[in-house]
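These protein sequence lines map, in sequence, to chains A and B.
If you read the first sequence in my numbering, its first letter stands for residue 1, the second for the next number, and so on.
If you read the second sequence in my numbering, its first letter stands for residue 1001, the second for the next number, and so on.
Glycine included, C-beta positions come from ideal geometry on N, C-alpha and C.
These numbers were taken from a predicted model, which means no experiment stands behind them.
Worksheet: the structure to be examined is printed underneath.
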Amino acid sequence: MPDPLIVCDAVEFSYPGPSSPTADARVLRGLSLAIHPGEHLAIIGPNGSGKSTLARHLNALLRPQGGTVRVRGMDTRDPANVRTIRQTVGMVFQHPESQMVATIVEEDVAFGPENLGVPHADLRRRVREALETVGMWEARDRPPHLLSAGQKQRVAIAGVLAMQPECVVLDEATSMLDPRGRAEIAEVVRALRQRGTAVVSITHRMDEAAAADRVLVLDAGMVRTAGTPRRVFADPDALHAIGLDLPPAAALAGRVRRRFPTFPAGLLTVNEIVDAVAASLPPLRDR
Amino acid sequence: MTGDPGAVRPLSPAAGPASVVIEIEDLWHTYMSGTPFEHLALRGVTLRVHDGEVVGIIGPTGSGKSTLIQYFNGLMRPARGRVIVAGHDLGSPRADIAAVRRSVGLAFQEPETQVFERLVGDDVAYGPRRLRLPFAEIRERVRWAMETMGLPFEAFKDRHTFTLSGGELRKAALAGVLALRPRVLVLDEPTSGLDPRSRDDLRARIEELRDREGMTLVLVSHDMEEVVRLSDRVYVLHDGAVVMSGTPREVFGDAARLAAVGLAPPEAAQVVQRLRDRGYPVREALTLEEAETALAALLERRR
């Protein structure tokens, strides 16, 4: 396996504010994890488990108070590294409006690399490539505020891509989107994976997590479990204990399996269940 | 599916036709009229909400849902079309808008961002205080609203709002709207951004509002599981028009038309529909429980 892209080692963090001497105010409590180049990692966990705080550590928006976060070996606590780290790891938040600056899509996407002093020809190429990756090149002349929420979020992702990062962190980037908007972002994530860009999705939607290469379950500022979606969702009781759930299709598969122990385990998607049901029935006769 | 989206059966034959509390007829809305950015947000919407029913409104972003619900409590007044809320004609310049606002409580998306008091009890009491109700009644309403939302009054009234979890804060914000004792409660994406446990808990509270209090609810949501579980009737909005309406079973049973507007039935229903499409003799199903029973019956046959 190649060297990890991001390594969090025993990270501790608490927000400033009044602290009570008894309660443990740490949001991250000795959290360790590695993110590999090109992988799609989903991070799930109940509200308050530290997901967004962790996300902000991945590109030095926050710095650990204990332990270390290294991006390509660079320590996020060293101010000299911050600029390179933010180019390596880009962030997209829940509300795309919060990171839009220009009145035209193309200019908005150009804003980041322009500030890096990228030469004009290179800049145009980067912007085009970024907008094509998210399927928004045709809309390049439009004002962002007239786009749908899913389209705005795609433009926000393009703005990050124009920085040519090795990793894109989506912090609940789909939570305000409609089903089509969510499908659009899922498509973009697949495109990023194909380019070899790592994606970290932080999400409350278990069906989204099921589409990742690896799922990491966060609880009370620590990693509870990590593994393939099939492995993590194979233990519904452990998930329920911390207030999480199965993807809806997986819940149905689990119920069917409880009635028919020979029904295959570990099914996560609608297609997998349909195929499994069909496979366990005699072939349909032609009508 | 009926041709006239407004035509609905009475809720229960014994009760006779339920009275209509919100009636919208051929409503049009244009944003930035007369500018190059002119945009038709509503194109002839007709819908009705009856006392005691839960009406789900679904549709892609930009389909006009948020514009529409702003008419429900008089935040907008019709320039073209008819809006009658609790007997008040919003098209009339003499309409009693204050009475309309008391009748319809609007809980916007992420209502917790509007929580501003230091103590939970004070925040929930803000609305009733503005109504200048007697102290005892304010207290009673706050107690009822908090308990209904699952925030025990004694335990939570003196809690600092910033110590609440995301789910608790959302419930406190909704209790603030509920404390106004509206005839209709409009919930815009009530569970978005909540983790599964807080989401299920809040849905159970909404279900109780429906079943125990018989409250009239309008639910705007992108979550089809939620719409199926809570709604008696569903309207589908697309490009500012009602394109489908009916019971959840009728609307979600037509997967092809839903897909055309970028929506899909809940995953459990999709499994059953795909098997039916392939020709397997499986009973139609909408919820997780129904899908389980239907698949079990199908798999039973192989024995």
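Does the Cβ-Cβ distance between residue i and residue j come in under 7 Å?
| i | j | result |
| --- | --- | --- |
| B:T1067 | A:D178 | no |
| B:V1227 | B:G1064 | no |
| A:F111 | A:V101 | yes |
| B:V1124 | B:A1179 | yes |
| B:E1225 | B:P1266 | yes |
| A:Q99 | A:A156 | yes |
| A:A162 | A:P113 | yes |
| A:A198 | A:L5 | yes |
| B:I1024 | B:V1045 | yes |
| B:V1115 | B:A1173 | yes |
| A:E128 | A:V105 | According to the sequence provided, residue 128 of chain A is Arg. The question's Glu does not apply to it. Not closer than 7 Å, so no. |
| A:P331 | A:K152 | Summary: the structure shown does not reach residue 331 of chain A, with chain A confined to residues 1 through 287, and so no result is reported for it. |
| A:A149 | A:G117 | no |
| A:G221 | A:R72 | no |
| A:V109 | A:C167 | no |
| B:R1205 | B:G1246 | no |
| B:R1210 | B:V1054 | yes |
| B:V1272 | B:A1291 | yes |
Secondary structure at residue i, three-state DSSP: helix, strand or coil?
| i | result |
| --- | --- |
| B:S1066 | helix |
| A:H95 | coil |
| B:A1041 | strand |
| A:F13 | strand |
| A:D3 | coil |
| A:D235 | coil |
| B:M1032 | coil |
| A:A276 | helix |
| B:S1092 | coil |
| A:M74 | strand |
| A:R83 | helix |
| B:G1214 | coil |
| A:A191 | helix |
| A:D207 | helix |
Quick one: residues in its chain with C-beta nearer than 7 Å to the C-beta of residue i, no 5 flanking neighbours on either side, listed in chain order?
| i | result |
| --- | --- |
| A:A212 | H40, L41, A42, S201, P229 |
| B:A1145 | V1124, A1175, L1178, A1179 |
| B:H1088 | A1095, D1096, A1099, V1100 |
| A:T269 | A210, A249 |
| A:D9 | S32, G67, T68 |
| A:V7 | A34, R70 |
| A:R140 | V105, E106, L131 |
| B:A1079 | none |
Express the C-alpha separation of residue j and residue i in angstroms, rounding to a whole number.
| i | j | result |
| --- | --- | --- |
| B:M1032 | B:M1076 | 14 Å |
| B:A1296 | B:V1184 | 40 Å |
| B:V1008 | A:D207 | Only weak support is given to the placement of B:V1008: the predicted model assigns it a pLDDT of 42, under 50, and the question is left unresolved by the model. |
| B:G1240 | B:V1220 | 15 Å |
| B:G1034 | A:V82 | 48 Å |
| B:G1059 | B:E1038 | 21 Å |
| B:R1130 | A:R257 | 55 Å |
| B:V1282 | B:A1268 | 13 Å |
| A:A183 | A:L252 | 21 Å |
| B:R1229 | A:T68 | 45 Å |
| B:F1252 | B:Q1270 | 9 Å |
| A:G38 | A:D219 | 25 Å |
| A:L170 | A:L192 | 12 Å |
| A:G66 | A:P2 | 26 Å |
| B:D1305 | B:H1238 | Nothing about residue 1305 of chain B can be read from this structure; chain B reaches only from 1001 to 1303. |
| B:Q1070 | A:R125 | 43 Å |
| B:L1258 | B:A1264 | 6 Å |
| A:F13 | B:F1162 | 19 Å |
| A:V134 | A:E187 | 8 Å |
| B:M1293 | A:I273 | Rather than Met, the amino acid found at residue 1293 of chain B in this sequence is Thr. Distance between the alpha carbons of B:T1293 and A:I273 is about 15 Å. |
| B:G1091 | B:E1117 | 35 Å |
Ignore the nearest five residues each way along the sequence and tell me which others in residue i's own chain have a CB closer than 8 Å to its CB.
| i | result |
| --- | --- |
| A:V223 | L31, S32, L33, L216, V217 |
| B:A1014 | Note that B:A1014 scores a pLDDT of 45, beneath 50, so its modelled location is shaky; the value from the coordinates is reported in the next line. Excluding residues within five positions, none has a Cβ falling inside 8 Å. |
| B:A1142 | Inspection of the sequence shows that residue 1142 of chain B is occupied by Val rather than by Ala. Within the same chain, B:V1142 has close Cβ partners G1121, V1124, A1125, P1128, F1153, K1157, A1175, A1179. |
| B:L1194 | G1166, G1167, R1170, L1202 |
| A:L239 | V217, V232, F233, D245, L246 |
| B:E1208 | T1148 |
| B:G1310 | Chain B is shown only over 1001 to 1303; residue 1310 of chain B falls outside these bounds and no answer can be derived. |
| A:R259 | none |
Could you name the residues of the same chain whose beta carbon sits closer than 6 Å to that of residue i, not counting the 5 residues immediately before and after it, in chain order?
| i | result |
| --- | --- |
| A:A60 | T76, V82, I85 |
| B:V1020 | R1048, H1050 |
| A:A55 | V169, D171, I202 |
| A:A226 | L216 |
Item to check | Length-filtered (4 minimum) alpha helix (DSSP H) runs lying within the region 104-149 of chain A | outcome: For the region 104-149 of chain A, the continuous alpha helix (DSSP H) assignments of 4+ residues that do not extend past its boundaries occur at 105-115, 120-133, in sequence order.
Item to check | Minimum length 3: unbroken beta strand (DSSP E) runs contained in the region 1138-1204 of chain B | outcome: DSSP assignment within the region 1138-1204 of chain B yields the following whole beta strand (DSSP E) runs of 3 residues or more, N-terminal first: 1184-1188.
Item to check | Minimum length 4: unbroken alpha helix (DSSP H) runs contained in the region 236-275 of chain A | outcome: 236-241, 248-259
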